[in-house]
Each structure stands twice: as C-alpha cells, then as structure tokens.
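Quick notes on the structure that follows.
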Amino acid sequence: MDDKFYNDILELADLNNPYQANYFYAHLFQLEKVFVSVRTILGQNNFKYFASQFIKEIHSDAENMDFYGWDFPKFLANRVELSQMPYLRDLASIDYYWFNLGQRNKDISVVCGALNLWSKVINSENTEGVELNADHSEIVELYLEGEQYFLRASRGACK
31 MDDKFYNDIL ELADLNNPYQ ANYFYAHLFQ LEKVFVSVRT ILGQNNFKYF
81 ASQFIKEIHS DAENMDFYGW DFPKFLANRV ELSQMPYLRD LASIDYYWFN
131 LGQRNKDISV VCGALNLWSK VINSENTEGV ELNADHSEIV ELYLEGEQYF
181 LRASRGACK
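Sequential numbering of the sequence shown, starting at 31, is according to our numbering.
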C-alpha cells in the first residue's frame with residue numbers, strides 16, 4: 031500500500047472510504063483484543079489514541095491478523111507520553127505472548143514482577159503492593175496443564 035493510504039487513514043473525517051475504514055477498524059479491534067492489560071491500565075480512550083497512532087505510524091506486515099501488533103510493546107516503550115509507565119512494554123509483551131499462546135516465541139523476558147502485575151490486572155485484582163524491579167528480569171513461559179494453558183515465571187534473577 032502506498033504512503034498516502036497510511037497518512038490518510040487516521041483522518042477520521044476521511045474514513046468514509048470503506049476500504050480505509052475497514053482497515054483501520056479491523057486493526058484497532060485486533061489491538062483491543064490482544065492487549066487487554068494495556069487497555070485496562072490506559073483506559074479505553076487513551077488506548078484508542080495510542081493504538082490509532084500505532085496503526086498510522088507502523089505499517090502492517092502481518093499476513094495473519096493474529097500476529098498483528100508484535101511490535102506494539104516497543105512502540106509503547108518509545109512514546110514520551112508513557113515514559114512514567116515503563117512497565118507497559120512488559121505488560122504488552124505478556125499480552126501478545128498469551129494471545130498467541132507462545133507461537134512466535136518459546137518464552138519472553140520481562141522485568142521482575144511484570145507477570146504478577148499482568149495477572150492482577152487481567153483478573154481485576156488490586157495491584158497495590160506489586161513490586162517491579164527493572165534491574166532484574168524473569169523468563170515467562172507458557173505451559174499446558176491438562177487442556178488449559180498457563181503462564182509462569184520459570185527462571186530469572188528476581189528477589
């Protein structure tokens with residue numbers, strides 16, 4: 031697709047073009063579906079703002095929509111507006127990993143405490159007292175128990 035398509039896609043008044051509107055809303059819906067903890071933390075309106083910027087700035091190369099957004103965590107980490115929330119990158123990484131059931135990665139590395147925070151956000155639990163330690167990381171892996179998938183911190187230097 032040419033750059034004009036991407037440059038025009040977020041001109042909401044111009045989303046009268048059905049193809050552009052379909053592209054935009056399909057990608058926005060996918061990001062909302064995948065990045066549940068990030069959407070919860072940011073709130074719907076803020077999430078939609080950053081997702082819209084992502085759709086405009088990062089051209090999709092995903093042949094399968096299930097894999098769209100793999101670079102959203104990095105995008106969030108590079109946003110000046112979110113510099114006070116460095117853990118969003120890790121939450122987004124866990125969201126993406128969980129949604130895809132580890133299909134793209136065997137495991138992922140996140141800051142210590144990120145998996146605990148993610149679990150509490152996803153389960154609508156109180157996150158007060160969750161400690162994050164950016165000086166250390168933990169490896170998060172997916173495992174199957176019976177017919178259900180779970181995430182666990184398998185190894186790392188968390189203390």
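Where a beta carbon is used, it is the ideal one built from N, C-alpha and C, also for glycine.
When DSSP states are grouped into helix, strand and coil, asparagine 163 belongs to the strand group.
Counting along the chain, aspartate 137 sits inside the beta strand (DSSP E) bounded by residues 137 to 142. Membership of leucine 112 in any alpha helix (DSSP H) is not indicated, and neither H nor E is assigned to it by DSSP. In the three-state reduction of the DSSP assignment, alanine 122 falls in the helix class.
Check the Cα spacing between glutamate 168 and each of Tyr127, Asn76 and Val141: the tightest is with Val141. Counting the other Cβ atoms within 10 Å of the Cβ of valine 64 gives 16 or more, which makes it buried. For glutamine 50, the enclosing alpha helix (DSSP H) starts and ends at 48 to 64. Three or more pairs of CB atoms, one per stretch, sit closer than 8 Å, so the segment 119 to 128 contacts the segment 93 to 110.
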